[in-house]
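Numbering follows the UniProt record's numbering, with no gaps: position 203 of the sequence shown is 203. For glycine and all other residues, C-beta sits at the position ideal for the given N, C-alpha and C. Data first, discussion second: the structure below is written as structure tokens.
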Amino acid sequence: MIKTILVDDSPLITSGLQIILDSDPDLTVTKVFDNAPAAIAYCDQHPVDVVLMDVRMPGMSGVTATKTLAQNIGVKVLILTTFDEDDDIITGIQNGAAGYLLKTTPADQIIAGIKAVANNQSILSKPVMTKAAAQLVTKKPTADLSALTAREQEITQLVAQGLTNKEIAQTLFLSEGTVNNNLSTILHKLALNHRTQLAIYYLTGGQG
């Protein structure tokens, strides 16, 4: 059972999410908070698998809270918000968020995202990735990719464009297994944990 807490200052949002998540046999909502500090205090004392975090709340923002939860307490955070500004995306991932979805994401995809994050995977919705790439790639990223082979650099660029491993394999005429192996090597060389961090690292010129 994946223990999840909801952090959002809108009762309408949290009540709807709780109904959706509790309908899945693998998920349980153990607590609901309308502010980030209370959620942090709870996670510091209780076992939590995934925090579903809003961004814009009175007082401490969800992005700031994510840094404490992910880096200090070690809880996995999935940011869920209506705000898809690039600054929020980048900062959230830099602070350790394992994923970023919009509140308009279908319920089944939110559930799948929580399960993915709980299983040490990362999730970044295609609209969010596309928007970030379109806004930031024009800044001509200067991330240091010198440690990577030419093929690994190609894969990194395609990850930053939001392509899945299957799509990358089709684009480069490789097997999906080869792409998976290359991605693992890339993450190891750059000391990153998952593909969303890799995308942000590339798009922000190595500041991810």
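Under the DSSP definition of a beta bridge, which residues are partnered with Val7? Its beta-bridge partners are Phe33, Met53.
Assigned exposure category for Phe33 - 16 Cβ within 10 Å defines buried: It is buried - the Cβ of Phe33 has at least 16 other Cβ atoms within 10 Å.
Just checking my contact of Val63 with Asn95 at CB under 8 Å: how many whole Å lie between their CB atoms? Between Asn95 and Val63 the Cβ distance is about 6 Å, and since that is below 8 Å, they are a contact.
Drop a sphere of 10 angstroms on the beta-carbon of Ile5, count the other beta-carbons inside from all chains shown, and report buried for 16 or more, exposed for fewer. Counting other Cβ atoms within 10 Å of its Cβ, Ile5 reaches 16 or more and is therefore classed as buried.
Could you tell me whether the Cβ atoms of Leu101 and Ser125 are closer together than 8 Å? In contact: Leu101 and Ser125 (Cβ atoms closer than 8 Å).
Can you tell me whether Thr14 is helix, strand or coil according to DSSP? DSSP, reduced to helix, strand and coil, places Thr14 within a helical segment of the structure shown.
Note down the Cα distance separating Thr105 from Ser23, rounded to an integer number of angstroms. Cα-Cα distance, rounded: 17 Å.
Do Met53 and Leu27 count as a contact pair if the criterion is CB distance below 8 Å? The answer is no: Cβ separation not under 8 Å.
I think Lys3 touches Asp49, with their Cβ atoms under 8 Å apart; what is that distance to the nearest whole Å? Confirmed, about 5 Å.
Cα separation between Thr178 and Tyr202? One C-alpha to the other measures close to 21 Å.
Val117 and Lys67 - do their beta-carbons sit closer together than 8 Å? Going by C-beta atoms, Lys67 is not nearer than 8 Å to Val117.
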